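Novice: Residue numbers (the working numbering): 194 to 374.
Shown next as structure tokens:
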């Protein structure tokens with residue numbers, strides 16, 4: 194019985210990936226090496242951002258993560274790309290995500306019922322394991338327990354030579370349960 198259930202779940206997972214691949218992989222493939230040899234910044238949401246002049250980043254390619262839009266009230270920052278893979282963030286930020294003009298990379302299964310189709314919405318297939326750095330975003334990308342890791346894999350696929358992380362503090366104080374935004 195256990196083997197039958199495991200086999201069923203394995204087949205179901207492969208079918209879901211195949212259907213995702215047919216619908217979204219070609220669109221993602223258009224990003225292959227489009228920024229070959231260039232630099233980019235991946236912008237987290239940590240408090241260290243408050244000590245930086247982020248307007249200077251407008252001359253670079255940038256990836257904004259999760260609730261980066263909250264800083265737009267204080268800073269004139271134009272994102273090149275937006276990334277989130279957390280269902281709670283997608284639910285809470287759906288209006289903001291739909292208003293972005295830049296390409297938005299969202300986890301497929303967590304966003305498909307929340308964010309409708311738009312030309313700038315790109316659906317990623319992600320996995321928790323095995324922990325690996327995926328060099329091809331038309332395959333399953335490892336989340337690595339952080340959206341930053343997903344953004345790094347996207348940057349690699351796009352051909353960026355140097356990737357700078359800012360605002361990725363991982364030391365902010367928050368009271369509440371983990372994985373709540």
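Just so you know, even glycine gets a beta-carbon here, dropped at the ideal spot from N, CA and C. Since this is a predicted model, take the numbers as computed values, not measurements.
For the alpha helix (DSSP H) that contains residue 235, what are its first and last residues?
Specialist: Locating residue 235 in the chain shown gives position 42, counting from the first residue. Taken as a continuous stretch (DSSP letters only), residue 235 belongs to no alpha helix (DSSP H), being part of the beta strand (DSSP E) at 232-236.
Novice: Looking at residue 317 and residue 308, is the spacing between their C-beta atoms short of 8 Å?
Specialist: As a first step, residue 308 is located in the chain shown; it is residue number 115 there, counting from the start. As a first step, residue 317 is located in the chain shown; it is residue number 124 there, counting from the start. Contact flag unset, no.
Novice: Tell me whether residue 219 is buried or exposed, calling it buried when 16 or more other Cβ atoms sit within 10 Å of its Cβ.
Specialist: Taking the first residue of the chain shown as position 1, residue 219 is located at position 26. The residue is exposed, with fewer than 16 neighbouring Cβ atoms inside 10 Å.
Novice: Could you spell out where the beta strand (DSSP E) holding residue 316 opens and where it closes?
Specialist: Within the chain shown, the letter at position 123 stands for residue 316. Note, residue 316: beta strand (DSSP E), 314-317.
Novice: What's the gap between the Cα of residue 238 and the Cα of residue 221?
Specialist: Position 45 of the chain shown, counted from the first residue, corresponds to residue 238. Position 28 of the chain shown, counted from the first residue, corresponds to residue 221. Cα-Cα distance, rounded: 25 Å.
Novice: Alpha carbon to alpha carbon, how far is residue 272 from residue 325?
Specialist: Taking the chain shown and counting its residues from 1, one reaches residue 272 at position 79. Taking the chain shown and counting its residues from 1, one reaches residue 325 at position 132. C-alpha separation (whole angstroms): 27 Å.
Novice: How is residue 201 classed by DSSP in three states: helix, strand or coil?
Specialist: Position 8 of the chain shown, counted from the start, is the residue given in the question as residue 201. Of the three classes helix, strand and coil, the one that applies to residue 201 here is helix, per DSSP.
Novice: Is residue 270 near residue 247, with beta carbons less than 8 Å apart?
Specialist: Taking the chain shown and counting its residues from 1, the one referred to as residue 270 is at position 77. Taking the chain shown and counting its residues from 1, the one referred to as residue 247 is at position 54. Contact: yes.
Novice: Using only alpha-carbon positions, find the residue among 255, 314, 261 that is nearest to residue 353.
Specialist: Translated into positions along the chain shown, residue 353 becomes position 160. The shortest Cα separation from residue 353 among 255, 314, 261 belongs to 255.
Novice: Return no unless some Cβ of chain C is closer than 8 Å to the Cβ of residue 198.
Specialist: The structure shown contains no chain C; it is built from a single protein chain.
Novice: Terminal residues of the continuous alpha helix (DSSP H) containing residue 268?
Specialist: Within the chain shown, residue 268 is the residue found at index 75, counting from 1. Here residue 268 belongs to no alpha helix (DSSP H), and DSSP marks it neither H nor E.
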